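Peer 1: In terms of my numbering, the sequence shown is numbered consecutively and its last residue is 988.
Built from N, CA and C at the ideal position, the CB exists for glycine as well.
All values derive from a computational prediction rather than experimental measurement.
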Amino acid sequence: MTLEEEWNLESVMATGHLDFRESRNPDLAGEARATLGLMQDLAKAPEVLFPKLTEFVLNCTMADSAGVSLLVEEEGKFVWPAVTGGLAPYIGGGTPMNFGPCGTVLDLDGPVLFIRPERHFTYLKPIEPPLEEVLLVPFHMDGKAVGTVWAVIHEPGKQFESEDRRLLQNLSAFAASAYRMLTESGGLATLLGNLPPPPPVRPMTNVDGKFRFLDK
């Protein structure tokens with residue numbers, strides 16, 4: 773039995789757990805201040821919105837890392853134009869379109885919580901620091917899901933809460949606005965073209981050898 777057969781997709785998904793975990797109260801005043809800042813950034817320079825958004829996620833949720841993934845459909849992959857926290861060295865990397873957490877989120881078109889997703893998506897195993905929990909929400913352009921906003925917990929014992937899901941869902945609207953503005957201005961291609969190369973050490977391929985995490 774392969775690891776993928778032993779740990780099927782459903783066995784690493786736990787979105788429903790968020791509804792039963794104790795959750796902190798919203799910090800509406802702090803959220804309003806941060807949201808105003810994001811609105812100002814979006815109006816002045818949409819290309820900086822993705823990094824600013826990940827900083828907000830890192831500061832206002834339980835996350836130890838945060839990022840934005842953009843679907844590059846013609847290349848069959850997601851690319852990370854912004855990553856903050858422990859996974860910051862992986863900026864410019866990404867995951868396969870049809871076998872990964874982001875692809876699952878776009879297929880389901882809703883928030884998804886993964887617990888140790890590398891048990892199913894085995895090419896994630898070499899990532900450091902390890903992925904204890906991963907919470908992702910999609911964002912859209914013209915009704916089509918085009919990317920995700922995600923948050924990661926690395927520290928064992930920490931857990932995401934329903935408040936984290938709410939915050940990511942609200943922030944996904946900013947990601948969608950920035951994506952639209954960059955697409956319509958031609959800035960998206962420039963942004964992706966200027967990303968740094970991912971780390972030189974490539975983690976393993978999956979069992980059939982088709983995918984390699986963080987390949988450009």
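Suppose contacts are defined by Cβ-Cβ distances below 9 Å. Is Leu885 in contact with Val851 by that definition?
Peer 2: In the sequence shown, the residue the question calls residue 885 occupies position 113. In the sequence shown, the residue the question calls residue 851 occupies position 79. It is not a contact, given that the beta carbons lie outside the stated cut-off.
Peer 1: In this structure, how does DSSP classify Thr833 when only helix, strand and coil are distinguished?
Peer 2: Residue mapping note: residue 833 aligns to position 61 of the sequence shown, counting from 1. In this structure, Thr833 counts as coil in the three-state DSSP scheme.
Peer 1: Decide if Pro853 is buried, meaning its Cβ has at least 16 other Cβ atoms within 10 Å, or exposed.
Peer 2: In the sequence shown, residue 853 corresponds to position 81, counting from 1. By the neighbour-count rule (16 or more Cβ atoms within 10 Å), Pro853 is buried.
Peer 1: Could you pull out every residue in the same chain whose Cβ sits closer than 7 Å to the Cβ of Phe946, ignoring the five residues on either side in sequence?
Peer 2: Against the sequence shown, residue 946 aligns to sequence position 174. Result list for Phe946: Leu810, Leu814, Leu821 and Leu825, in chain order.
Peer 1: Determine which residues share a DSSP beta bridge with Thr920 and list them.
Peer 2: On the sequence shown, residue 920 is found 148 positions in, with the first residue counted as 1. Ser841 and Pro910.
Peer 1: Could you check whether the segment 950–961 touches the segment 862–880, counting it as contact only if at least three pairs of C-beta atoms, one from each stretch, sit closer than 8 Å?
Peer 2: Segments in contact, no.
Peer 1: Excluding the five sequence neighbours on either side, which residues of its own chain have a C-beta within less than 6 Å of the C-beta of Ala917, listed in chain order?
Peer 2: On the sequence shown, position 145 is the one that residue 917 refers to. Closer than 6 Å at Cβ, skipping near neighbours: Leu878, Asp881 and Pro910.
Peer 1: On the three-state DSSP scale, how would you describe Met785?
Peer 2: Working through the sequence shown from its first residue, we reach residue 785 at position 13. If DSSP states are grouped into helix, strand and coil, Met785 belongs with the strands.
Peer 1: Under three-state DSSP, which class holds Phe828?
Peer 2: Here residue 828 corresponds to residue number 56 of the sequence shown, with the count starting at 1. Helix, per DSSP.
Peer 1: Under the three-state reduction of DSSP, which class applies to Asp853: helix, strand or coil?
Peer 2: As a first step, residue 853 is located in the sequence shown; it is residue number 81 there, counting from the start. What sits at residue 853 in the sequence shown is Pro, not Asp. Note: Pro853 maps to strand in three-state DSSP.
Peer 1: Among Ala961, Thr807 and Leu967, whose alpha-carbon lies nearest the alpha-carbon of Phe828?
Peer 2: The residue you call residue 828 lines up with position 56 of the sequence shown. Out of Ala961, Thr807 and Leu967, Thr807 has the C-alpha closest to the C-alpha of Phe828.
Peer 1: May I ask which residues mark the beginning and end of the beta strand (DSSP E) holding Val884?
Peer 2: Looking up residue 884 in the sequence shown gives position 112. Here the beta strand (DSSP E) through Val884 covers Val884 to Ile887.
Peer 1: Who are Pro969's beta bridge partners in DSSP?
Peer 2: In the sequence shown, residue 969 corresponds to position 197, counting from 1. Answer by DSSP bridge pairing: none, since Pro969 is not bridged.
Peer 1: Considering only residues of the same chain and omitting the five flanking positions on each side of Lys930, which have a CB-CB separation below 8 Å?
Peer 2: Here residue 930 corresponds to residue number 158 of the sequence shown, with the count starting at 1. Excluding positions up to five away in sequence, the list reads Met834, Asp836, Glu904 and Glu905.
Peer 1: Please report the distance separating the alpha-carbon of His912 from that of Val921.
Peer 2: Mapped onto the sequence shown, residue 912 falls at position 140. Mapped onto the sequence shown, residue 921 falls at position 149. Their backbone Cα atoms lie some 11 Å apart in a straight line.
Peer 1: Would you grab the beta carbon distance between Pro968 and Gly864 for me? Rounded to a whole angstrom, and I think it's under 8 Å.
Peer 2: What you label residue 968 is simply residue 196 of the sequence shown in a count that begins at 1. What you label residue 864 is simply residue 92 of the sequence shown in a count that begins at 1. That pair is a contact at about 5 Å.
Peer 1: Who are the Cβ neighbours of Thr867 in its own chain at under 6 Å, not counting the five residues just before and after it?
Peer 2: Counting from one through the sequence shown, the residue named residue 867 turns up at place 95. So the qualifying residues of the chain are Phe850 and Cys874.
Peer 1: Could you please give the first and the last residue of the uninterrupted alpha helix (DSSP H) stretch that includes Pro873?
Peer 2: Translated into positions along the sequence shown, residue 873 becomes position 101. Run containing Pro873: Pro873 to Leu880, per the alpha helix (DSSP H) assignment.
Peer 1: For Pro818, count neighbouring Cβ atoms within 10 angstroms of its own Cβ and tell me buried if that reaches 16, exposed if not.
Peer 2: On the sequence shown, residue 818 is found 46 positions in, with the first residue counted as 1. When all chains shown are included, Pro818 counts as buried.
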